[in-house]
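Here the working numbering runs 29 ahead of the position in the sequence shown, where the first position is 1.
Each residue gets a CB set at the ideal place from its N, CA and C atoms; glycine is no exception.
These numbers come from a predicted model, not from an experiment.
So the structure is just underneath, and the comments pick up after that.
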Amino acid sequence: MKKYDAAALGELLIDFTENGTSGQGNRLMEANPGGAPCNVLAMLAKLGERTAFLGMVGKDSFGILLRDVLREVGIETKGLKVSEDTNTTLAFVHTKPDGDREFSFYRSPGADMMLSEKDLDMEILENCKIFHFGSLSMTHENCRAATRKAIETAEKSGALLSFDPNLREPLWSDLEEAKRQIAYGMEHCHVLKISDNELQWFTGEQDFDKGIAALQERFHIPLILLSAGRNGSRAYANASKAEVPAFLGQNAIETTGAGDTFCGCVLHYILENGWKDYTQSELEDMLRFANAAASVIVTRKGALRVMPEQAEILAVLEGK
């Protein structure tokens, strides 16, 4: 019996998102706790799973805020380290008229980059059913070495490994290096969550099925989830494929955290139903629940602190 249902490693930061204008006409920015791996854990914790995070924040007001928010949402923080010398990473998110986003990062360096092998809490890594990671912890050598050590430790413990590339181009000095590091993640995962634009960028294939086939041939990943925003999502297992449309509401305001919410729900389905070669019907159930959750989070600012309750997800599924 493992202590944690899911653990994750990576960035924990503040997402400054636009929230209107002041009386003087200045843009107002809201400080939302964020970071893709922790967003995934927050969704899992909201669904009753036992979660733990490994990462680093600065010894500043933002770092204290992030630690307190993780505790507030039910994520174990003993794997969260504090840098004495480097500030917490900040991201500024600009939402375009079409709903797409632009990111500006203050991370030269940021505390999340300073996580090293010696900072890793091995007890967490050896006692989790699922270990989830992304590529932002692979952008620089220090945190890359920590990520690879964590992957190795989780693999040896028998954990299921989940990977979301979550490509953020401004954080890479070389996109070919980004491809190499993302390929490493794909070589070591059982579950891959990838967005439509990431798939096209990585494989060079515009057709989704051809792109997924290229990944399957090269990496032999048992379960691949493709998120395509308003175009819904797809799942590809060894012998099955499923496609489910998105739940399109009228109240969407931004997409921050939608993919993380989706990913958390997929991992919850795996924890609740066991790891196996899923049928098409099971994949469809998995996708419907995850799509429904994503349709809720896009109606809210931020993600980590405001993940949907299970009752809210079920209400979407029931058309309420």
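For the options L83, H123, T106 and C67, the alpha carbon positioned closest to that of N48 is the one of H123. The region 176-232 contains, as complete beta strand (DSSP E) runs of 3+ residues, the segments 189-193 and 220-224 (chain order). The C-beta separation of F276 from N226 comes to about 21 Å, leaving the pair out of contact by the 8 Å criterion. When secondary structure is reduced to three states using DSSP, R56 falls in the strand class. A distance below 8 Å between beta-carbons, with the five flanking residues on each side excluded, links H219 to the following residues of its chain, in chain order: L189, L190, S191, I250, P251, L252 and W304. Cβ-Cβ distances below 7 Å link A287 to A323, I326 and V327 in the same chain, with the five nearest sequence neighbours on each side left out; the list follows chain order. Between A175 and L38, the gap from beta carbon to beta carbon is short of 9 Å. Under the three-state reduction of DSSP, T290 is assigned to helix.
The three-state secondary structure of S262, taken from DSSP, is strand. In the DSSP annotation of this structure, the continuous segment of the beta strand (DSSP E) that includes M85 starts and ends at T80 to G87.
By the beta-carbon neighbour count (other beta carbons within 10 angstroms, threshold 16), D306 is exposed.
By the C-beta criterion, the region 94-101 is judged not to be in contact with the region 154-166, since fewer than 3 inter-stretch pairs fall below 8 Å.
Its chain contains R173, T176 and Q210 as the residues whose beta carbon lies nearer than 6 Å to that of M167, once the 5 sequence neighbours on both sides are disregarded; these appear in chain order. Counting only residues of its own chain and dropping the five nearest sequence neighbours on each side, F91 has a CB closer than 6 Å to the CB of I43 and T117. Between F248 and A242, the alpha-carbon positions lie close to 10 Å from each other. When the Cα atoms are used, T106 and A81 turn out to be separated by approximately 6 Å.
Measuring C-alpha to C-alpha distances from A281 to each of D193, R259 and A183 identifies R259 as the nearest. Beta-bridge analysis with DSSP links D44 to N61 and A120. CA-to-CA, the gap between F132 and L200 works out to about 10 Å. Around the C-beta of S202, fewer than 16 other C-beta atoms lie within 10 Å, and the residue is accordingly described as exposed.
Taken atom to atom, the span from the alpha-carbon of V273 to that of L312 is near 9 Å. Look at V111 here: in three-state DSSP terms it is strand. Spanning the alpha carbons of C292 and K110 requires a straight line of approximately 25 Å. For M151, the closest alpha carbon among the candidates S137, A179 and M142 is that of A179. With fewer than 16 other CB atoms across the displayed protein chains lying within 10 angstroms of its CB, E205 is exposed. Cα atoms of L57 and S51: separation of roughly 6 Å, rounded to the nearest angstrom.
With respect to N156, K31 sits close: the two C-beta atoms are nearer than 9 Å. Judged by DSSP secondary structure, K158 falls within the beta strand (DSSP E) whose first and last residues are C157 to G163. When rounded, the separation of the alpha-carbon atoms in M315 and E113 is 42 Å. Rounded to the nearest whole angstrom, the C-alpha separation of I153 and D34 is 10 Å. Going by DSSP, F134 is part of the beta strand (DSSP E) stretching over R130 to Y135.
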